[in-house]
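Scroll down for the structure; my scribbles are underneath it.
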């Protein structure tokens, strides 16, 4: 089984030109089969504000109405995706930008309306990641760069969380590759003490996770991240690593970040 | 040599939802290897206006300053490209959207500043169309959908005319495929009498072109279109057909439009 590295970066780094440039340099120097998944970032909100859109949130989640969908398709699928691709190309990395609609790579269903209508938000359907095109591209040395967008198969684009995209793609490819999934976020890893940025927990196993949750060490935003990570591991992903984009090489070599086993 | 059909659509059809939907249905029903190149349209101007950008024109050409580049990358590479791709997917056509940066498909140089600085506008470099990825995708039955954007290989996207993209790609692929290039525009073809929409000239050969120009039958905007068409023919493109998107099947079967030989 060939190795595949799948790296996810979020809004924090996308919004910071210097950090993004440094990360893309580091990423371009990696060897072997790899993919990048990127999130959104404040730039969508900024452009939305300039367009006079009012961002609507329910329980901390943005509601993707018609105009917001247009906004995220433009900004995630156009501006951010093509900026990353062009810069990777300049660094000698043969990147190709994709949304879930391109080559039908990721099919989703619009999230059903229960108490809340989140609008044009997509949940990846079962067996919705079509790995053939990704394999074809990876086999040619290309580096897919995935925007956090899927499609519904009926002509509509859908907004889908980048962590979810990374996880679903990693799971789907786990039958074909030995997949390592790296989630970059704002801290050096999962911390023992949230006040101490150096207190990185080096490894978390399932049984630790339950204890760390019970103790309150892991809480709020980290819980869904780790749930996702364990779910990926159970689905056959070889390793999930959580840490800071600045430490990319350390995350991969095992010198930095938190490893989920 | 396998056949390849390359269809270019412009802003007129992209700006009209009903016409675009009908065209995409027709296009999705075609058989065999095919590609679509799309232009921009008023939607970029509308969004630019809402963002408070002032479109600047010199001699009828839009100047692509930094903010306009962001706008066209968003709108052409994101909004329009992904809308077309998602709708083709819904119609059973396995489309994949690409800009020139994706897979380094089309490399360009920023147009040199002489009397006028057009800004971030790209002229496709010699041998700048890299056909390998296109061949790979076409060979898998995928349908590339090209946005009118190229890249400079130094990390910058560039705005490039869609007619030029279509022509350059057709020329580059002419060594590998028997390429038919269809330019859709607002009229049924090149007209004998501009006042009579039915007076389509069915065929134009090089010697006719010189005469039609001298007579004034062909003038203004049609001249560069036909110059491009003859240049493609000289480079080995099998046929160039000019006509209306509504007549797509007729254009291909030889029942409609103007054929350039």
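Residue numbers (the numbering used here), protein chains in the order written: chain A, 313 to 573; chain B, 313 to 573.
Ideal Cβ placement from N, Cα and C applies to all residues, glycine included.
In the DSSP output, which residue or residues are listed as bridge partners for residue 471 of chain A? Residue 471 of chain A sits at position 159 when you count from the first residue of the first chain. Under DSSP, the beta-bridge partners assigned to residue 471 of chain A are A:433, A:461.
Which full runs of the beta strand (DSSP E) of 3+ residues lie inside the stretch 346 to 402 of chain B, going along the chain? Entirely contained in the stretch 346 to 402 of chain B, the beta strand (DSSP E) runs reaching 3 residues are, in chain order, 346 to 350.
Return the residues of the stretch 385 to 405 of chain B that lie within a Cβ-Cβ distance of less than 7 Å from chain A, sorted by chain order. Sequence-ordered contacts of the stretch 385 to 405 of chain B with chain A read 385, 386, 387, 389, 390, 391, 394, 397, 398, 399, 401, 402 [C-beta pairs closer than 7 Å].
Mind checking the stretch 419 to 450 of chain B against chain A and listing, in chain order, the residues whose C-beta falls within less than 7 Å of any C-beta there? Under the 7 Å Cβ criterion, the stretch 419 to 450 of chain B contributes 448.
Can you tell me whether residue 509 of chain B is buried or exposed, with buried defined as 16 or more other CB within 10 angstroms of its CB? By one-based count along the second chain, residue 509 of chain B stands at place 197. Exposed, by the Cβ-count rule.
Residue closest to residue 398 of chain A, alpha-carbon to alpha-carbon, out of B:394, B:397, B:416: In the first chain, counting from the first residue as 1, residue 398 of chain A sits at position 86. Here the closest residue by C-alpha is B:416.
Taking C-beta pairs closer than 7 Å, name the residues in chain B that residue 414 of chain A reaches, listed in chain order. Within the first chain, residue 414 of chain A is the residue found at index 102, counting from 1. Think of a sphere of 7 Å around the beta carbon of residue 414 of chain A: the chain B residues whose beta carbon falls inside it are 397, 408, 409, in chain order.
Evaluate residue 370 of chain A with the Cβ neighbour count: other Cβ atoms within 10 Å of its Cβ, from every protein chain shown; 16 or more gives buried, anything less gives exposed. Taking the first chain and counting its residues from 1, one reaches residue 370 of chain A at position 58. So residue 370 of chain A ends up on the exposed side.
Compare the C-beta of residue 330 of chain B with all C-beta atoms of chain A and state if any pair is closer than 7 Å. Against the second chain, residue 330 of chain B aligns to sequence position 18. No, no contact with chain A.
Chain A partners of residue 341 of chain B, CB-CB under 9 Å? Translated into positions along the second chain, residue 341 of chain B becomes position 29. Under the 9 Å cutoff, chain A gives no residues; its nearest Cβ is about 15 Å from residue 341 of chain B.
Answer yes or no: does any C-beta atom of chain B fall closer than 7 Å to that of residue 373 of chain A? Indexing the first chain from 1 puts residue 373 of chain A at position 61. It does not: the Cβ of residue 373 of chain A has no partner Cβ on chain B nearer than 7 Å.
Distance cutoff 7 Å, beta carbons only. Does residue 524 of chain B sit that close to anything in chain A? Stepping through the second chain from its first residue, residue 524 of chain B is reached at position 212. Answer no: the Cβ-Cβ gap between residue 524 of chain B and chain A never drops below 7 Å.
For a contact defined as C-beta to C-beta under 8 Å, what are the partners of residue 454 of chain A on chain B? In the first chain, the residue the question calls residue 454 of chain A occupies position 142. Residues of chain B passing the Cβ test: 415, 445.
Just to confirm, is the Cβ distance from residue 349 of chain B to residue 458 of chain B under 7 Å? Here residue 349 of chain B refers to the residue found at position 37 of the second chain. Here residue 458 of chain B refers to the residue found at position 146 of the second chain. Judged by beta-carbon spacing, residue 458 of chain B lies within the 7 Å limit of residue 349 of chain B, meaning their Cβ atoms are closer than that value.
Would you mind giving the Cβ-Cβ distance between residue 496 of chain A and residue 555 of chain A, rounded to the nearest angstrom? I have them listed as a contact below 8 Å. Stepping through the first chain from its first residue, residue 496 of chain A is reached at position 184. Stepping through the first chain from its first residue, residue 555 of chain A is reached at position 243. Yes, residue 496 of chain A and residue 555 of chain A are in contact; Cβ-Cβ is about 7 Å, under 8 Å.
Start-to-end residues for the alpha helix (DSSP H) that takes in residue 539 of chain A: By one-based count along the first chain, residue 539 of chain A stands at place 227. Counting along the chain, the unbroken alpha helix (DSSP H) around residue 539 of chain A starts and ends at 534 to 546.
Identify which residue in B:408, B:451, B:378 has its Cα closest to the Cα of residue 463 of chain A. Within the first chain, residue 463 of chain A is the residue found at index 151, counting from 1. Of the candidates B:408, B:451, B:378, the one whose C-alpha sits nearest the C-alpha of residue 463 of chain A is B:408.
Within a Cβ cutoff of 6 Å, which residues of the same chain sit near residue 351 of chain A, ignoring the five residues on either side of it in sequence? As a position in the first chain, residue 351 of chain A is number 39, starting the count at 1. Cβ neighbours of residue 351 of chain A beyond the five flanking positions: 322, 323, 460, 474.
I need the straight-line Cα distance from residue 482 of chain B to residue 448 of chain B, nearest angstrom please. Taking the second chain and counting its residues from 1, one reaches residue 482 of chain B at position 170. Taking the second chain and counting its residues from 1, one reaches residue 448 of chain B at position 136. Whole-angstrom Cα-Cα distance: 16 Å.
Terminal residues of the continuous beta strand (DSSP E) containing residue 421 of chain B? Position 109 of the second chain, counted from the start, is the residue given in the question as residue 421 of chain B. 418 to 422 is the extent of the beta strand (DSSP E) around residue 421 of chain B.
For residue 500 of chain B, does the three-state DSSP call read helix, strand or coil? Position 188 of the second chain, counting from 1, holds the residue named residue 500 of chain B. Assignment of residue 500 of chain B by DSSP, reduced to helix, strand and coil, places it in the coil class.
Limits of the unbroken alpha helix (DSSP H) element including residue 315 of chain A: By one-based count along the first chain, residue 315 of chain A stands at place 3. Looking at the DSSP string, residue 315 of chain A is not in any alpha helix (DSSP H); the run it does join, the beta strand (DSSP E), is 314 to 321.
Relative to the C-alpha of residue 362 of chain A, which candidate in B:502, B:379, B:535, B:373 has its C-alpha closest? The count along the first chain starts at 1 and reaches residue 362 of chain A at position 50. Of the candidates B:502, B:379, B:535, B:373, the one whose C-alpha sits nearest the C-alpha of residue 362 of chain A is B:379.
Would you check if there are 3 or more beta carbon pairs closer than 8 Å linking the stretch 528 to 543 of chain A to the stretch 325 to 339 of chain B? Flag = no, the stretch 528 to 543 of chain A and the stretch 325 to 339 of chain B do not touch.
If you compare alpha carbons, which of A:388, A:374, A:516, A:490 is closest to residue 502 of chain A? Your numbering for residue 502 of chain A matches position 190 in the first chain. For residue 502 of chain A, the nearest C-alpha among the options comes from A:516.
Contacts of residue 362 of chain A in chain B (Cβ-Cβ under 9 Å): As a first step, residue 362 of chain A is located in the first chain; it is residue number 50 there, counting from the start. Ordered by position in chain B, the residues that pass the 9 Å Cβ test against residue 362 of chain A are 362, 363, 364.
Taking the straight line between their C-alpha atoms, what separation do you get for residue 500 of chain B and residue 559 of chain B? Residue numbering aside, residue 500 of chain B sits at position 188 when the second chain is read from its first letter. Residue numbering aside, residue 559 of chain B sits at position 247 when the second chain is read from its first letter. Each residue's alpha carbon lies about 8 Å from the other.
I need the straight-line Cα distance from residue 359 of chain B to residue 413 of chain A, nearest angstrom please. Position 47 of the second chain, counting from 1, holds the residue named residue 359 of chain B. Position 101 of the first chain, counting from 1, holds the residue named residue 413 of chain A. Their backbone Cα atoms lie some 23 Å apart in a straight line.
Along chain A, in chain order, which residues have C-beta atoms closer than 8 Å to that of residue 465 of chain B? Sequence index remark: in the second chain, residue 465 of chain B carries index 153 (1-based). 401, 402, listed in chain order.
Would you call the CB atoms of residue 403 of chain A and residue 345 of chain A closer than 7 Å? Taking the first residue of the first chain as position 1, residue 403 of chain A is located at position 91. Taking the first residue of the first chain as position 1, residue 345 of chain A is located at position 33. Using a Cβ distance threshold of 7 Å, residue 403 of chain A and residue 345 of chain A do not count as a contacting pair.
Since residue 465 of chain B and residue 391 of chain A are thought to touch, with beta carbons under 8 Å apart, how far apart are those beta carbons, to the nearest angstrom? Here residue 465 of chain B is taken as the residue at index 153 of the second chain, counted from 1. Here residue 391 of chain A is taken as the residue at index 79 of the first chain, counted from 1. With 8 Å as the limit, residue 465 of chain B and residue 391 of chain A do not qualify as a contact, their Cβ atoms being about 19 Å apart.
Beta-carbon gap between residue 431 of chain A and residue 377 of chain A smaller than 7 Å: Here the question's residue 431 of chain A lines up with position 119 in the first chain. Here the question's residue 377 of chain A lines up with position 65 in the first chain. Result yes, Cβ atoms of residue 431 of chain A and residue 377 of chain A sit closer than 7 Å.
Span separating the alpha-carbon of residue 401 of chain A from that of residue 467 of chain B: Translated into the one-based positions of the first chain, residue 401 of chain A becomes position 89. Translated into the one-based positions of the second chain, residue 467 of chain B becomes position 155. Taking the straight line from one Cα to the other gives about 7 Å.
Could you check which residue in B:476, B:487, B:452 has the C-alpha nearest to that of residue 436 of chain B? Within the second chain, residue 436 of chain B is the residue found at index 124, counting from 1. Minimum Cα distance to residue 436 of chain B is reached at B:476.
Beta-carbon contacts of residue 472 of chain A that lie in its chain and below 8 Å, excluding the five residues immediately before and after: Counting from 1 along the first chain, the entry for residue 472 of chain A is found at position 160. Closer than 8 Å at Cβ, skipping near neighbours: 412, 418, 420, 433, 434, 435, 436, 460, 461, 462.
For the alpha helix (DSSP H) that residue 334 of chain B lies in, which residues bound it at each end? Along the second chain, one-based indexing puts residue 334 of chain B at 22. Run containing residue 334 of chain B: 329 to 341, per the alpha helix (DSSP H) assignment.
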